Amino acid sequence: MWQEVNRFLKKQNRIAKITLGVSILMLFVLYSLIGIVYRNYSINKQMEDISNNMERLELDNLEQQSKILYYSTDAYQEKILREKLGFQKEGERVYALPRKDPEREKLIKEQQKFQEKEDKKPNIVKWYEFFFAKKKPQNTNNEQI
Numbered sequence: 012m013w014q015e016v017n018r019f020l021k022k023q024n025r026i027a028k029i030t031l032g033v034s035i036l037m038l039f040v041l042y043s044l045i046g047i048v049y050r051n052y053s054i055n056k057q058m059e060d061i062s063n064n065m066e067r068l069e070l071d072n073l074e075q076q077s078k079i080l081y082y083s084t085d086a087y088q089e090k091i092l093r094e095k096l097g098f099q100k101e102g103e104r105v106y107a108l109p110r111k112d113p114e115r116e117k118l119i120k121e122q123q124k125f126q127e128k129e130d131k132k133p134n135i136v137k138w139y140e141f142f143f144a145k146k147k148p149q150n151t152n153n154e155q156i
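For the sequence shown, my numbering gives the first residue as 12, with consecutive numbering after it.
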């Protein structure tokens with residue numbers, strides 16, 4: 012009877028070893044399959060990125076080619092000669108108009124408001140402020156506090 016039990020245990024032990032071996036083999040195959048799927052996904056992602064980059068570069072290339080064509084036209088060259096170098100055609104009159112500077116206009120308005128406010132003060136107040144009032148140092152654009 013002990014021999015039968017021993018044989019039964021050996022048989023069970025063999026089945027357990029085979030099951031363990033098959034399980035390990037299946038885990039290895041599953042691990043390899045997951046690695047292959049991930050590599051396939053990353054390659055597809057890279058291909059998509061490269062494809063998008065190529066499309067963007069093609070559009071940039073077309074834009075640059077159109078700029079080159081435009082810059083090589085006589086109309087553009089004439090425009091640049093007129094604007095930058097002041098050239099003109101024969102018999103043509105060129106008028107130079109003064110440019111408006113919003114910063115300068117704003118400063119002038121502020122000075123006018125200040126002057127109007129100062130003009131409304133009585134003379135005695137002006138003298139008092141001149142002698143007794145604390146003056147704040149004036150900031151210029153170059154100085155920083």
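Note that beta-carbon positions come from the ideal geometry of N, C-alpha and C, so glycine has one too.
Please read these numbers as outputs of a predicted model, since none were measured by experiment.
Legend entry - Own chain partners of Ile-47 with C-beta closer than 7 Å, once the 5 adjacent residues on each side are dropped: Result list for Ile-47: empty, nothing under 7 Å.
Inset, instruction - Could you give the DSSP three-state label for Glu-121: helix, strand or coil? - result: Under the three-state reduction of DSSP, Glu-121 is assigned to helix.
Inset, instruction - Determine the DSSP secondary structure at Arg-110, reduced to helix, strand or coil. - result: Per DSSP, reduced to three states, the secondary structure at Arg-110 is coil, with no helix or strand assignment.
Inset, instruction - With Glu-140 as the anchor, note down where its alpha helix (DSSP H) starts and where it stops. - result: Residues 134 to 143.
Inset, instruction - Spatial neighbours of Gln-123 within its chain, please: CB distance less than 8 Å, with the 5 preceding and 5 following residues excluded, ordered by chain position. - result: Residues of the same chain with a CB within less than 8 Å of the CB of Gln-123, apart from the 5 flanking positions on each side, do not exist.
Legend entry - Buried versus exposed, by CB contacts within 10 Å (16 or more), Ala-144: Exposed: under 16 other Cβ atoms inside 10 Å.
Legend entry - Every unbroken alpha helix (DSSP H) inside the stretch 17 to 96 [4 residues or more]: As far as the stretch 17 to 96 is concerned, its whole alpha helix (DSSP H) runs of at least 4 residues are 85 to 96.
Legend entry - Span separating the alpha-carbon of Phe-142 from that of Leu-118: Spanning the alpha carbons of Phe-142 and Leu-118 requires a straight line of approximately 27 Å.
Legend entry - Closer than 7 Å: Glu-121 CB and nearest the ligand ZN heavy atom: This structure simply doesn't include the ligand ZN, nor any ligand for that matter.
Legend entry - Local conformation of Arg-115 per DSSP, three classes: Helix, per DSSP.
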